[in-house]
Each structure stands twice: as C-alpha cells, then as structure tokens.
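Presented below is the structure to which this report refers.
Protein chains: 2
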Amino acid sequence: MADQTYKILLFMKRRPDISVEAFRDYYESKHAPLAEKYSSGVSRYIRRYIDPQPHPETGEFTDGPDVITELWFDNEETYRGTLAYITTSLMPDEIIEDEKNLFDRMAFRIATVVERESDFSNA
Amino acid sequence: MADQTYKILLFMKRRPDISVEAFRDYYESKHAPLAEKYSSGVSRYIRRYIDPQPHPETGEFTDGPDVITELWFDNEETYRGTLAYITTSLMPDEIIEDEKNLFDRMAFRIATVVERESDFSNA
Chain Y
6 MADQTYKILL FMKRRPDISV EAFRDYYESK HAPLAEKYSS GVSRYIRRYI DPQPHPETGE
66 FTDGPDVITE LWFDNEETYR GTLAYITTSL MPDEIIEDEK NLFDRMAFRI ATVVERESDF
126 SNA
Chain X
6 MADQTYKILL FMKRRPDISV EAFRDYYESK HAPLAEKYSS GVSRYIRRYI DPQPHPETGE
66 FTDGPDVITE LWFDNEETYR GTLAYITTSL MPDEIIEDEK NLFDRMAFRI ATVVERESDF
126 SNA
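Heads up: the protein sequence lines correspond to chains Y and X, in order.
Residue numbering for the first sequence follows my numbering, beginning at 6 and increasing consecutively.
Residue numbering for the second sequence follows my numbering, beginning at 6 and increasing consecutively.
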C-alpha cells in the first residue's frame, strides 16, 4: 500500500474454557477499554475475530488464532518504540491480570507485516 | 468498521525449501499476476507477508503463516459465492500447479473475520 502506516499484529487464542461468544464479548466490553488506556500513539486499534472456514483439501481451520489484534501507527518512531517495548517487556500488571481472564497467554505471538496489493484501478 | 466490506483471509506457509525472500519474490512476480486473472469481483487483493517478532514470554513466532492473503469484496453476493467456491472446490489447474512451486499446500487455512475497532476520534 502506498501510505506510510506501521502495523503490529498480535495473534492470540482464547482460554479453552471460554466460548467464542464470551471471548469476543469480554474483549470488547472489558479488555479493549482497558487496553485503550495504554494506547497513546496508536492511530488504530482493531480486533479481527477469526471465523474458521473449511478448506476443501486441508479441512477446518482448527489451529489458528481466535483474534488478530492490530495496532496501527502513523508515526514511525512511536511504532518502533512500541515494537521494542512489547517484544522485550511485560505489559503493565493491570493488563496482564485481565489477559488471564481471556487468553491462553502462552499462545501469544507477535508479527509485523510487509504488504503488497494488486492494482485493480484499471480493471 | 463502518463500511460494508467483505473479506476472505487465506493463511499460507511457504514450501520449506524456499527462503522467505524467494517466496515473496515468486508470489509477487509470478503467482499474484496469475491469480489476478481469476479475481473478477475482488475489490482488493492484498498479500500481507508476516515478519515474526519475539514475544517476551512465548518467544519467536515460528508456527505462523508466511503470508495472510486477503480478498476483499464490495458486493456481498460475490463474496458469498467466492467463499462457497473456495471452501468446497479445487482451484483451476493452472493455479494449483503454480501453488506447488510456492506453498506448503497442506498448511492452507481459510477464515473470514468480524472486525471491531476502537474509536479514537476524540482522543
């Protein structure tokens, strides 16, 4: 994409004893508002809840994340600082305590992305 | 998000004998142009190449996809038709033959998403 947006992706699974519905509801009503307090410098904070679909050859998507949370940044320095922080440091206690209500924390994964897009403007 | 955009996500891993660089180069230069021929009705065709980052508790992201390919649709009926097709039918021979040059095809996974976003408009 042409814009200069910097993105951190958090791949996360729910606690196995929590339903998909309860997980999404708790994240939206309780955890996201808490995390927003620590989101200064974040331009967009998006939860992308994954609905597994079957593949005709490989079957149901049973081994994926329940959510991919995206943190977007307009400012490269803020992005780099946040990435350095979350890849090396534990979150504030308040966040970690609430994560325990929601996530299989040992399944947490972090990634950044390089995005390429087809140009359909003349299609 | 407020807009009515419909999205299909394809989680895919590269062939283990291919480097990250060769995978991205081949996908962009050879496979994406081929796939574009079959992308009528797709509003955006985006390859999001994953750069694994370490997590301070769970370590390096070694078990994830190499790319999440996104197919976006403005038209719900086209989206539903495409989803029904790719979750039940094999791709055209030409696509599958080229996929073998690139992917660990048994790692293919398909998902749709429910997206929620924090409102930072008053921040």
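Note that CB positions come from ideal geometry on N, CA and C, so glycine has one too.
Relative to the alpha-carbon of residue i, which residue among the options has its alpha-carbon at the smallest distance?
i, options, result
"F78(Y)", "D124(Y), T117(Y), K35(Y)", "T117(Y)"
"Y50(X)", "E65(X), D56(X), A37(X)", "A37(X)"
"I13(X)", "P97(X), N80(X), D124(X)", "N80(X)"
"R19(X)", "D56(X), F66(X), K35(X), D71(X)", "D71(X)"
"P57(Y)", "I115(X), Y90(X), T10(X)", "I115(X)"
"L95(X)", "T63(Y), G69(Y), Q9(Y)", "T63(Y)"
"I91(Y)", "P61(X), R52(X), R53(X), V119(X)", "P61(X)"
"S123(X)", "L76(Y), F66(Y), G69(Y), L15(Y)", "L76(Y)"
"Y11(X)", "P21(X), V25(X), V47(X)", "V47(X)"
"F113(Y)", "E65(X), F113(X), P97(X), V25(X)", "E65(X)"
"T93(X)", "G69(Y), L88(Y), P59(Y)", "P59(Y)"
If I measure Cβ to Cβ from residue i and keep anything under 8 Å in the same chain, skipping five residues before and after, which residues do I get?
i, result
"I100(X)", "L39, A40, Y43"
"D103(X)", "K35, H36, L39"
"I23(Y)", "Y31, L107"
"I55(X)", "F66, G69, P70, D71, V72, I73"
"T87(Y)", "I13, G46, V47, L76, F78"
Please report the residue range of the beta strand (DSSP E) in which residue i lies.
i, result
"I13(Y)", "11 to 17"
"A116(Y)", "114 to 122"
"V47(Y)", "Counting along the chain, V47(Y) falls outside any beta strand (DSSP E), and DSSP gives it neither H nor E."
"T74(X)", "72 to 78"
How would you write the range of the alpha helix (DSSP H) that residue i sits in, first residue to last?
i, result
"D98(Y)", "98 to 104"
"A40(X)", "37 to 41"
"I91(Y)", "81 to 91"
"E26(Y)", "25 to 31"
Using a Cβ-Cβ cutoff of less than 7 Å, which residues in the same chain neighbour residue i once the five nearest sequence positions on both sides are dropped?
i, result
"M111(Y)", "none"
"D68(X)", "none"
So, for residue i: in the same chain, excluding its five sequence neighbours on each side, which residues have a beta-carbon less than 6 Å away from its beta-carbon?
i, result
"A7(Y)", "Confidence in A7(Y) is poor, its pLDDT being 39 and thus under 50, which makes the residue's placement unreliable; the coordinate value appears in the next sentence. Closer than 6 Å at the Cβ level, and outside the excluded window around A7(Y), lies no residue."
"K105(X)", "none"
"F125(Y)", "none"
"E33(Y)", "none"
So residue i and residue j are supposed to be a Cβ contact under 8 Å. How far apart are they, rounded?
i, j, result
"R53(Y)", "E120(X)", "5 Å"
"F16(X)", "I73(X)", "6 Å"
"D98(X)", "P21(X)", "No, D98(X) and P21(X) are not in contact; Cβ-Cβ is about 24 Å, not under 8 Å."
Within 7 Å of chain Y by C-beta, residues of the stretch 89 to 107 of chain X in sequence order: T92, T93, S94, L95
Contact list for the stretch 53 to 67 of chain X against chain Y, Cβ threshold 8 Å: R53, Y54, I55, D56, P57, Q58, P59, H60, P61, E62, T63, F66
Chain X contacts made by the stretch 107 to 123 of chain Y, where a contact means CB separation under 8 Å: R110, M111, A112, F113, R114, I115, A116, T117, V118, V119, E120, R121, E122, S123
Short-range partners of chain X found in the stretch 21 to 55 of chain Y, where Cβ spacing is below 9 Å: R29, Y32, E33, A37, P38, A40, E41, S44, S45, V47, S48, R49, Y50, I51, R52, R53, Y54, I55
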